[in-house]
Amino acid sequence: MFIVHANAVQCYRSLRPGSLHTMLKSAPRTTLSYINVPIHFTAGQFRGGCVRAELVEIQKADLGRKYARVDRRPLDPPPVVQLRLYRIHNEGTEHESEQEVQDYGNIQCLGLLCNVDLFPVPTQPDDSSESTSLPRLPRQLSPVVQPIHPFNNYPPPSILSTDRFPPSSSSSRILVSDAKLPLPPNVHLDSFQIFENTKCTAALSGATFVQPACIDYEGKKALVFPFSDLAVKIEGDFFLRYRIFDLFARTASLVDIPVQAECHGGPFRIYSTKEFPGLQPSTELSKQLSRYGVRLNTRETERKRKKKASESSAIPTRASKRKATRILQSESECD
């Protein structure tokens, strides 16, 4: 029997889709300057403190069936990332240290959002001659994501700005071709470098922005973002990029919303309907999420693809083989 935890449901459903849409449309753009580094907040639930955020994929998708309007099947198992927060003490001194938040149940969920982008798994190595011809950018420059919108994809970031540094000259904003702009920071999958222009988020269907659920995970409270409604419209091998931000968080040096952390998920394959091998039983994490009010389908047993009648009839069964043998024997006796 599933027990739904009221506090978790209230946290996870605190924003209705309509209000979430409105908040995202009216929110300032996000900036990538603070990804995976300590941030000193001047507004939001961590106002006056310095906090570092970290995202970890704790459940990756293994496979999915190509999206169809009539029968849309989400990725399985549903991808899930965990948000970990660390308070920074004695910032900027030789005694600087960090301590993880002890009770994630006290973290305000309202405004916390995680979004995903889709990238194909590369199949060809980088062209070193092309990569060496790229312009060398100053280290302090970092791409800025355009204004966020929950149902449209980010355009490739082509504007670079010195978010944490005052403009010193007209070169503080530089236009750079995004054709070979690598992801910030540079991301490699095996020996392949991943570029921003390979992003194919438009091929995703479903909720690409989700709110956190506070669940019991590995013996303590945890904030997780379950993407239980994602499907892909094309076949192939892909991986997801996750990014976390807080709509109410601000820093002293800019008015934009800082993207606090990102991580890249493991690869998964999207099959055609004909080649789809079926689904495995639901994971324990998926069942746990369901108990906490996250809407997803759970299975106790494996589900294999049902063969069409034309396919099954083409495969001889034992009974049909025995019947054919008897017919041949009777024909030989008559002769």
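Read the sequence shown against full-length UniProt numbering and you will find it ends at 335, with the numbers running on by one and no gaps.
Just so you know, even glycine gets a beta-carbon here, dropped at the ideal spot from N, CA and C.
Values in this document were obtained by computation on a predicted structure and should not be read as measured data.
Alpha helix (DSSP H) segment containing glutamine 288, residue limits:
Its alpha helix (DSSP H) spans residues 284-291.
Beta-carbon within less than 6 Å of alanine 231's beta-carbon, same chain only, minus the 5 sequence neighbours each way: which residues are those?
The beta carbon of alanine 231 sits closer than 6 Å to the beta carbons of Tyr67, Arg72, Pro74, Ser205 and Gly206 from its chain, once the five residues preceding and following it are set aside; these are given in chain order.
If you run the structure through DSSP and keep just helix, strand and coil, what is asparagine 106?
Three-state DSSP puts asparagine 106 in a helix.
Coarse secondary structure for asparagine 297, derived from DSSP in three states:
Note: asparagine 297 maps to coil in three-state DSSP.
Quick one: residues in its chain with C-beta nearer than 7 Å to the C-beta of arginine 241, no 5 flanking neighbours on either side, listed in chain order?
For arginine 241, same chain residues with a beta-carbon under 7 Å away, outside a window of 5 residues either side, are Val116, Asp117, Phe119, Glu262 and His264 in chain order.
Start-to-end residues for the beta strand (DSSP E) that takes in phenylalanine 119:
Here the beta strand (DSSP E) through phenylalanine 119 covers 112-120.
Residues that DSSP places opposite leucine 254 in a beta bridge:
According to DSSP, leucine 254 shares a beta bridge with no other residue.
By the 10 Å Cβ neighbour count, where 16 or more other Cβ atoms means buried, how is arginine 295 classified, buried or exposed?
Classification for arginine 295: exposed.
Can you tell me which of the three DSSP states alanine 68 falls into?
Three-state DSSP puts alanine 68 in coil, outside helix and strand.
By how many angstroms is the C-alpha of serine 282 removed from the C-alpha of serine 290?
Each residue's alpha carbon lies about 11 Å from the other.
Buried/exposed call for glutamine 211, threshold 16 Cβ in 10 Å:
By the neighbour-count rule (16 or more Cβ atoms within 10 Å), glutamine 211 is buried.
What whole-angstrom Cβ distance do valine 259 and isoleucine 35 have, given they're in contact under 8 Å?
Correct: roughly 5 Å between the Cβ atoms.
Other residues of its chain near residue 336: CB distance less than 6 Å, five sequence neighbours each side excluded:
Lying before the first or after the last residue shown, residue 336 is absent from the chain, which here runs from 1 to 335.
Please classify residue 380 as buried or exposed, where buried requires at least 16 neighbouring CB atoms within 10 angstroms.
Since the first residue of the chain shown is 1 and the last is 335, residue 380 is not available in this structure.
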